[in-house]
Each structure stands twice: as C-alpha cells, then as structure tokens.
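Read the structure below first, then the notes.
Protein chains in written order, with the working numbering: chain A, 1 to 438; chain B, 1001 to 1320.
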C-alpha cells in the first residue's frame, strides 16, 4: 500500500483545489467550460476515493497558484505543505481535518496507512502459521471450537459487508447460518450431495432466504430490515423444530482424511479443520477481490450517497439486494461448514440470541477506531463469540450462579453491555459528524 | 359433521382468537406508538412485557422466599389479589419504560443503527435478568377474571369464557382510553404534535423529552398490561413473548408502524387468521402459524409497504 491511498488531510490536499473553489467560480474559456467544477464535498469525496480525477486547473488559475505547477496532481506534496495557506482566513477551518477523519469512509482501499497494511500482512502470516501448528498441538475439543470459529469468520464477513460497507442492519444472521446448515444437511441426506460440497447448498439457501427478506425490506427505511431479520431469527428455531423434529438430525457422511495427508484415523478433526480453513480462505479471497473492485466501490456509494450513486447509473436497490443476498449467502455457507466438525443439526444451535450476539460483535468490531474497516477484524470477533463461553465455563460458578452476581457475570450481560457501549460510542461519533456538517 | 356443529366449531375458533388477538394488538399498539413518536423500533417491547408478567408474579406471591424480590414486599406479606398484582406490574412497567428511555434510548439521539443496537441490548439484558433471578422456571399466574368452568356464555353451542371477555374488554378499554387521552387532553395534543413535527413542537414550547419519555412509559404500561393479562392464559416463561413479539410486529406493520388503530385491527385480524389456519388447513399446526406471520410481514411489506394505511397517509408518514 502506498501513500497514494492515504486519507487526505487538509495539508495533503493539493492547494490547487482550493484556489479553483475560491477564486474561479465560473470558468470563462471554452476549454475549461466543458469541465464541471465539483462542489467542495464532491472533491473531498473523490480525493478520498482513491480515484483522483481532480478538476484540471485552467491556465488563468494556474498563474494564480504557483503550487499548481507541481506534478503528481492529487498526490500529497510534502514540499507544498504550506502553513500560511492553512491559516488564511478563506482556507477551510482546521476542524475540517477532524470532520474529514470522521467522514472518511472506509473506502474500497480503506483508510489504510502503511502500518495497518503491514499489520494485516503480519496477521495473515500469523494466521497461516496457526493453521498449520494449532491442529498438531491442540486437543480435539479445542480444535473443534477453532473450526467453528473459522466458520463463524464467514458469518462475520457477511455481517461486516452489510453493516460496514452498505450501512444496513441484520439481526438474523444466526438464523441464516441455521438455514445454511439445514439446507446443507438435507442436500447430503436427501439428495446425495458429496459432503465436501455441501457448503454450496448452504450458500444457495442463504442467498435465497436473504433475498426473500431483502426484497421487501430494502425499499423501506432501515428499521424494516432489522424488523424482518429479527422476526426470522426468532422464528427459525421454532420452524426448525417443526421441520426436523425435536431431536438432532445427523449428517449421513463423514470426513475421512485421504491417505496422502498422513493424518491418523482418530484425528479426523485435523482434516475437518483444514477443510473448513480451505473453504473460508477461498471465500475470503473471492470476497476481498469483489470488494476492492468496482462493485465494492459502488456498494460504498450506495451507503454514503445513494442519490449520487443512482445518478451515476448504479441501481441502488438491486445492488443492495445483491449485497444482502451475498451477505446471507456467506452466513449460509458458514452454516454448511458448521456441519463439518459437528456432524448434526439441532434447533438449539441457532437461537435468536446467537443472531443478537453476532450483531453486537459486528457493531463493536466494525468500529473504524480499531481498524474495523478491514475484513481481518472478523477474526477477533469470531474468536470472542466462540471462545467466550468456553472461557466462562472454565470459571467456577460463573455460568450457574443466579441473582445479581450471576446476572453481571453472565454471557448475555456481557454482550448486552458491549452492545450498549458500542451503540453509544457510535451515536456519539455520528453526532460529531453531523455537527461538523451543520 | 353436521352443519350446526361446523358453525359451533367456527364460532369457538373465533372466540378463541380473541385472547391472542388482544395481546398482539396491545404489543402492536405499543410498538407503533413508540415508532410514531420517536422513530425508534423497540425490538425489546416483548421482553418488557415478559418482565411485567414476572413483576405481577412477584406481587401475587407476597413475601415468598422462593420468588426473587418478593422479600421487598415484606410489610405487605399477604399475596396481592391478581388484579392488584397486574395493576402493580403495569405501574412498575411504566416506570421501567421511562427509565430505559432516559438512560438507554435518549443518549442515542435517534440514530437508527445505535438505537436498534440499544433495543437489542435491552432484549438480552431483560432476558438474562429474568433467567438469573427467577432461574428461568415457569411460573403460574392466575387470571384476574373468573376462571371456573361455569364462568362462560354459550352462544350457538360455542363457549365464550368470562376470562376471554374480560381480557379483550380490558385491552380494548385501555387502548380506547389512550386514544381518548390523545384526542382530548393537552398532553395528548403535545404527543400528537411531536409525532407530526418534533422540531416545531419544541419551538412552540412543548417539552419534547418529557413527552417522549411519557410515550415510552405508556407504551411499556400497555405492553405490561398485555403481559400480565395474557399470563393467565400462558405460563410465565422467559420466552413467553417471542411468538407474541413477531405477531405484534406483523400487526404493527399492517398499520404501517404508524397507525395504532390499524395496528389494533391488525392484531385481531392476525389472531383470527392464525386460529383459522391452524384449525382448517391440515398441514399447518399451531406452531407453524409463526411462519404465516412472517409470510404476512413479507407479503405486506412487498405489496403495500404502508400497510393498510392510505397512500396519502403513508406518503406523509414513511418519508420521515
């Protein structure tokens, strides 16, 4: 990642922009007349969005601004950091930098600074190392947890796409995961799909249900998607109980490691882990590719400036629907993967509390303040989701205790507190932005 | 089945839907009241009603060491009659609703994402609170209305229980009283004003915060009344309100989330349809009717996003 992706601060913004804005309201010569002069906000947006197609300054303006001769228009010009310029009465107030920091959307390339990018690479290397080392060391119980954790990363990726890239809310991703698990299980049991491919059935089912919920909700205010998805989350366990009966349904298929892996017959969980990791890695790679491309930028446009996006020919509703569907499909894919380590499906696995927990962690970990603009933040979120109950069970009495003490020590209390704190922090940030805009 | 028996059965099913319909309607009215005045979709409304049922259990238990918090009632060691317990629960619910609005919802300043997050936080918080204090066990709370096996009218062979009548009439009276307060009193006028335009209401001197807080209190009280009364039909359990919440949300959607009157009608309509489908469509049993409620939600939102509201009212309402 180079500096060209750095978020613009006022002093990295080429001065020529300001001069254009302040001193040349209407271009007179015909060559410039064909070039529209963007509004300040539009300029700022385009500067942020990495696709710097800045307005070329007209010759007359250039003479007014010697800095404009500098090459690499749009890139930060260290030599031109001109404090006089900053302090001019007409210049944007210093608080604009604050405003931009708040506004700067986690764009397709993210507010990526070099260190964050290096951190991501380091994290990826560390994860790769863990993927190889952990299975050989960990107990089978712990490895099963880690396998589920890996699958949950995909659910979080779906939620992250929805919340962070599209500004939408889903409180039903637990249920969608369950839908994926149900579809995958029955695709294998009833239709003879090879177990290795069953996550695809989960993906398809997740996409379909997501589209079903999205079609009505996306035409309406945001609260409706939350309303519908919460209803789905509450209804799912009841419906699954009706469809599958009160007892767990076992998968008719096993994951036996092929001979070349050298995994002992009793260590299938290692093979299962690697199967899940492979699926998740491929899904993340594809998702990352999709989101760093034009579609990713269009999704951000539908979040920030739906009207402008529509003006540029983006079909906002259809793109949002595709995004919701993809997000649900990722949850469904993860649901299919859940069956790899667990081998059965049961109504108790996907209660509505799971959906709310997923939502809580997404809000908490999708905060830009902690680098939540990056897909990799799904890993800590999934880690908390899966390992917090394990940690709590190891604390004597924490889970079983009643009364006020038990209340405060309970998992749901921790989640509720997380949700409330994250929501409060988010609303404060939103208000800070609004007060700058006003 | 003879024709008269079929009519009897039909009537019986109509009567049976009244109790559920009242509860759905109360939740739906509470949800649309809050949404209409503040734009907040209170997803925790069902849990608040569930909490109210537990509060009624505490009052009705007197100072029973087996029931948490009933020790606080030691000076009044005798168990309260059920009607008083429900009334007490309604009062406490109103206070809880006002408190939650003040402490949790108001700091979010109406931003949609944080507010929905906060109501979900309340959802978890109330559920956990009840599970940890009442150990998640089922409790039984009788009905404030006569429930003997002779307490019934027989109309066309179908039995209409006093209990059902009492529940339905009480809910209708409560909702009617609210409508009356809204349309005739000064407080009601202030409430309607902030529903219509919050900023202008503040400019003409209405204390918007107080009115919104009052709206939450009244909505919580209404939900609490529903919770306390329906507890006579269901057992009091931490998950007793899940089904009711979905039906309540669906009914509120029928009213475009804005019209309490249509939400009320929607509640009874959904309960009626639910009972009829469970009764007459072979492959649908009473649990699967939940899918039916979801289906209603999806279809209504797809076809008529404004619910049963007129298009003009919807244009005025939904654009906000």
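Using N, Cα and C, we set each Cβ at its ideal position, and we do this for glycine too.
Remember, predicted model here, so these are calculated numbers, not experimental data.
Other residues of its chain near residue i: CB distance less than 7 Å, five sequence neighbours each side excluded
i                       : result
residue 1155 of chain B : 1011
residue 1044 of chain B : 1119, 1122, 1123, 1126
residue 193 of chain A  : 187, 201
residue 241 of chain A  : 347
Residue i classed as buried or exposed, judged by whether at least 16 other C-beta atoms fall within 10 angstroms
i                       : result
residue 256 of chain A  : exposed
residue 285 of chain A  : exposed
residue 300 of chain A  : buried
residue 171 of chain A  : buried
residue 332 of chain A  : buried
residue 422 of chain A  : buried
residue 1138 of chain B : exposed
residue 1149 of chain B : exposed
residue 164 of chain A  : buried
Distance, residue j Cα to residue i Cα
i                       : j                       : result
residue 246 of chain A  : residue 1175 of chain B : 39 Å
residue 1020 of chain B : residue 1228 of chain B : 13 Å
residue 1133 of chain B : residue 382 of chain A  : 29 Å
residue 243 of chain A  : residue 1048 of chain B : 30 Å
residue 293 of chain A  : residue 287 of chain A  : 10 Å
residue 389 of chain A  : residue 278 of chain A  : 26 Å
residue 342 of chain A  : residue 1162 of chain B : 51 Å
residue 353 of chain A  : residue 1004 of chain B : 47 Å
residue 429 of chain A  : residue 1015 of chain B : 52 Å
residue 424 of chain A  : residue 415 of chain A  : 14 Å
residue 1219 of chain B : residue 296 of chain A  : 42 Å
residue 1291 of chain B : residue 232 of chain A  : 9 Å
residue 1135 of chain B : residue 357 of chain A  : 21 Å
residue 173 of chain A  : residue 1117 of chain B : 15 Å
residue 399 of chain A  : residue 408 of chain A  : 11 Å
residue 1153 of chain B : residue 1215 of chain B : 37 Å
residue 1098 of chain B : residue 1207 of chain B : 15 Å
residue 239 of chain A  : residue 312 of chain A  : 43 Å
residue 1189 of chain B : residue 1199 of chain B : 15 Å
Beta-carbon spacing of residue i, residue j below 7 Å
i                       : j                       : result
residue 385 of chain A  : residue 419 of chain A  : no
residue 1041 of chain B : residue 1035 of chain B : yes
residue 439 of chain A  : residue 302 of chain A  : An answer regarding residue 439 of chain A cannot be provided, because it is not within the stretch 1 to 438 covered by chain A.
residue 1013 of chain B : residue 1279 of chain B : yes
residue 413 of chain A  : residue 1128 of chain B : yes
residue 158 of chain A  : residue 325 of chain A  : no
residue 339 of chain A  : residue 185 of chain A  : yes
residue 1089 of chain B : residue 1056 of chain B : yes
residue 1305 of chain B : residue 225 of chain A  : no
residue 1251 of chain B : residue 1270 of chain B : yes
Residue i, DSSP secondary structure in three states
i                       : result
residue 1172 of chain B : helix
residue 383 of chain A  : helix
residue 1042 of chain B : coil
residue 421 of chain A  : helix
residue 1078 of chain B : coil
residue 1150 of chain B : coil
residue 266 of chain A  : helix
residue 251 of chain A  : coil
residue 208 of chain A  : helix
residue 1139 of chain B : strand
residue 275 of chain A  : helix
residue 1237 of chain B : coil
residue 1145 of chain B : coil
residue 1013 of chain B : helix
residue 343 of chain A  : coil
residue 398 of chain A  : coil
residue 428 of chain A  : helix
residue 286 of chain A  : helix
residue 297 of chain A  : helix
residue 1160 of chain B : strand
residue 356 of chain A  : helix
residue 1155 of chain B : strand
Other residues of its chain near residue i: CB distance less than 8 Å, five sequence neighbours each side excluded
i                      : result
residue 124 of chain A : 376
residue 203 of chain A : 180, 329, 330, 332, 333, 336
Cut-off 6 Å between Cβ atoms - residues of its own chain near residue i, not counting five sequence neighbours on either side
i                       : result
residue 1255 of chain B : 1032, 1262, 1263, 1266, 1307
residue 1274 of chain B : 1289
residue 1093 of chain B : 1052, 1220, 1221, 1224
residue 237 of chain A  : 347, 351
Where residue i meets chain C, residues with beta-carbon distance less than 7 Å
i                      : result
residue 231 of chain A : Of the protein chains in this structure, namely A and B, none is chain C.
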